[in-house]
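Here's the structure we're looking at; comments come further down.
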Amino acid sequence: MKKSEKLIVGNWKLNPTSKETAKKTFLSIRKKLAKIRKSKVVICPPFPYLSLLQPLVKGKIILGAQNVFWENEGAFTGEVGSKILKNVGVTYVIIGHSERRALGETNEIVNQKIKIALKDGLKVILCVGERERDTHGEYLQFLSSQIKQSLDKVQKKSLENVIVAYEPVWAIGKSDSEAITGASLHEMVLFVKKVVSDVYGYSAGMSMAVLYGGSVSPRNAEDILGKGEVDGLLVGRQSLEPEGFGEILSIAEKL
Ligand code: PGA
């Protein structure tokens, strides 16, 4: 990723409940992108909407998935593999979101998913983040293990297709005033890069793209993107609101 280019990812989670709304929201966001030069937008809708939205993909808006399975075919009821995702036009996949980890996804599972997704040519957005902070800094150790275990045996040359999304769980789904501050985020971005450097070497660590997610809104986006020095954002609720999402894009454009 070029330094000035921002990646703004919209994670729709389990929304919206109708395909008509999905299409309308996607098209409204696409329209907002007409004046955007510096950002790329990845919309991650629920699986069934991927094929529906694929024909609407144009310019700087592309498709991502919210999850992937660690096998490509076979007797795995209810799962979706990376070959299917690639085949229906998906470019990015979110792996290890805290809401999936809360359903039992471990670092080991996340690692298997990352490896197959990379092998099949998807770009991976690896979500990491502590549930809470303690005064002794143990959360840093937790974060470091999450990153190292999730990337276990991922080859250095594949890292250009991995983006780390730092999403502290305590900041997700809150009011925008409860999101992290830009200054504090900057420390975490450096920490993530340092952990990656420890495993893959300095230049690989420093060039790792890092996104922030957790209650991003038009009110805090400037501080988060500017002072936080992140390469982009992972936006939940606001990505279902084309007006607010458009404002976030305009802020990213001006920085
Ligand atoms: P939020 O979600 O923006 O609604 O806090 C972010 C996320 O969970 O990715």
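Residue numbers (the working numbering): 354 to 608.
By construction, the Cβ of each residue, glycine as well, lies at the ideal position given by its N, Cα and C atoms.
Beta-carbon gap between residue i and residue j smaller than 8 Å
i: residue 530; j: residue 482; result: no
i: residue 512; j: residue 557; result: yes
i: residue 446; j: residue 415; result: no
i: residue 420; j: residue 453; result: yes
i: residue 586; j: residue 361; result: yes
i: residue 316; j: residue 595; result: Nothing about residue 316 can be read from this structure; the chain reaches only from 354 to 608.
i: residue 480; j: residue 449; result: yes
i: residue 359; j: residue 578; result: yes
i: residue 559; j: residue 550; result: yes
i: residue 542; j: residue 515; result: no
i: residue 386; j: residue 602; result: yes
i: residue 383; j: residue 366; result: no
i: residue 565; j: residue 533; result: yes
i: residue 400; j: residue 375; result: no
Residue(s) in a DSSP beta bridge with residue i
i: residue 585; result: 360, 564
i: residue 417; result: 445
i: residue 515; result: 477
Through-space distance from residue j to residue i, alpha-carbon basis
i: residue 518; j: residue 436; result: 23 Å
i: residue 528; j: residue 571; result: 12 Å
i: residue 406; j: residue 396; result: 10 Å
i: residue 490; j: residue 464; result: 25 Å
i: residue 498; j: residue 573; result: 29 Å
i: residue 403; j: residue 475; result: 15 Å
i: residue 674; j: residue 430; result: Residue 674 lies beyond the stretch modelled for the chain, which goes from 354 to 608, so this question has no answer here.
i: residue 548; j: residue 524; result: 22 Å
i: residue 422; j: residue 501; result: 20 Å
i: residue 495; j: residue 459; result: 13 Å
i: residue 440; j: residue 468; result: 18 Å
i: residue 561; j: residue 545; result: 9 Å
i: residue 553; j: residue 582; result: 21 Å
i: residue 369; j: residue 590; result: 11 Å
i: residue 492; j: residue 485; result: 7 Å
i: residue 598; j: residue 588; result: 8 Å
i: residue 363; j: residue 380; result: 13 Å
i: residue 373; j: residue 392; result: 26 Å
i: residue 428; j: residue 540; result: 44 Å
Within-8 Å CB hit, residue i to chain D
i: residue 485; result: No chain D is part of this structure, which consists of one protein chain only.
Local conformation of residue i per DSSP, three classes
i: residue 530; result: helix
i: residue 468; result: helix
i: residue 396; result: strand
i: residue 575; result: helix
i: residue 371; result: coil
i: residue 569; result: coil
i: residue 580; result: coil
i: residue 379; result: helix
i: residue 551; result: helix
i: residue 423; result: coil
i: residue 508; result: coil
Cβ distance (whole Å) where residue i is taken to contact residue j below 8 Å
i: residue 413; j: residue 394; result: 6 Å
i: residue 606; j: residue 389; result: 6 Å
i: residue 576; j: residue 526; result: Incorrect: roughly 19 Å between the Cβ atoms, too far for contact.
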